[in-house]
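Trainee: The letter at position 60 of the sequence shown is residue 60 when you use UniProt numbering, and the numbering goes up by one with no holes. Don't be surprised by glycine CBs; every beta carbon is placed ideally from N, CA and C. The structure's right below; bear with me while I get my questions together.
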Amino acid sequence: MSPYVKNDTRMIQPVYSEARSFWNAFERATNGLNDAVGLNAFRVLLKGKAGEDWWMYSKIEDLPTLKTRFCNQFICQTPLQMIERLRNAKRSKGMSAEVWGDVITSLCDAAHVTDPQMRYQYFLTGLRNKECKAAVQTTMVNDIPLQGETPKKSSNEDNVMQQMMDLMQQAQNFMVA
1 MSPYVKNDTR MIQPVYSEAR SFWNAFERAT NGLNDAVGLN AFRVLLKGKA GEDWWMYSKI
61 EDLPTLKTRF CNQFICQTPL QMIERLRNAK RSKGMSAEVW GDVITSLCDA AHVTDPQMRY
121 QYFLTGLRNK ECKAAVQTTM VNDIPLQGET PKKSSNEDNV MQQMMDLMQQ AQNFMVA
């Protein structure tokens, strides 16, 4: 691939990012290139098993065919296909948790999944590392306030805290006396 094409394609987000943004950037970067160079640039930019498998099993010989098939596969999806894509999403090896969270967020937004607990479950099920998954599952997720929600202390929690303070005061008084 020529250095000119490499420089243009460096600014393009990988395929596992939002599909429409990827395609728009790819189209701008490869505008005016011949089909062979454009297809080679696309193949180089593929990331993840789903994209590589799709490319391997597709016979694409020109850019208009690539556009049609890419849009049909990744952009123009029914709500049921979007949910299925969300359900089958897996975190790639080496992908940071922040990037994985962004991927799940964009997939949930595209599938119109607004329930925060469902989003969290999709995030959790896509994790591959057992230790990471166990650590996330055992953290006290309910203690993290949702956006726009004010943290509330229960009266039971206040009572326990008051009892602990009283016991500490009694122990301190006992040590002084």
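If the criterion is Cβ atoms closer than 9 Å, does the pair K67 and W100 meet it?
Mentor: The answer is no: Cβ separation not under 9 Å.
Trainee: Is A111 helix, strand or coil by DSSP?
Mentor: Looking at A111 - three-state DSSP - the assignment turns out to be coil, as it is neither helix nor strand.
Trainee: Is the CB-CB distance between R91 and Y122 below 9 Å?
Mentor: No; because the gap between Cβ atoms is not below 9 Å, this pair is not in contact.
Trainee: Compare the beta carbon distance of E61 and L45 with 9 Å and say whether it is the shorter of the two.
Mentor: Contact: no.
Trainee: Counting along the chain, where does the alpha helix (DSSP H) carrying A36 start and finish?
Mentor: First-last of the alpha helix (DSSP H) with A36: 35-45.
Trainee: On the three-state DSSP scale, how would you describe S58?
Mentor: Of the three classes helix, strand and coil, the one that applies to S58 here is coil, per DSSP.
Trainee: When you compare only the Cα positions, how much space is there between N159 and D166?
Mentor: Their Cα atoms are separated by approximately 11 Å.
Trainee: In angstroms with no decimal places, state the Cα-to-Cα distance between D35 and L63.
Mentor: Their backbone Cα atoms lie some 6 Å apart in a straight line.
Trainee: Can you give the Cα-Cα distance for W55 and F26, rounded to whole angstroms?
Mentor: So the two alpha carbons sit approximately 16 Å from each other.
Trainee: Output needed for R69: all residues of its chain with C-beta closer than 8 Å, excluding positions within five of it in sequence on either side, in chain order.
Mentor: Excluding sequence neighbours, R69 sits near S58, I60.
Trainee: Which of the three DSSP states, helix, strand or coil, is assigned to G32?
Mentor: Three-state result, G32: coil.
Trainee: Just checking my contact of G126 with A89 at CB under 8 Å: how many whole Å lie between their CB atoms?
Mentor: Their Cβ separation, rounded to whole angstroms, is 5 Å, which keeps G126 and A89 in contact under 8 Å.
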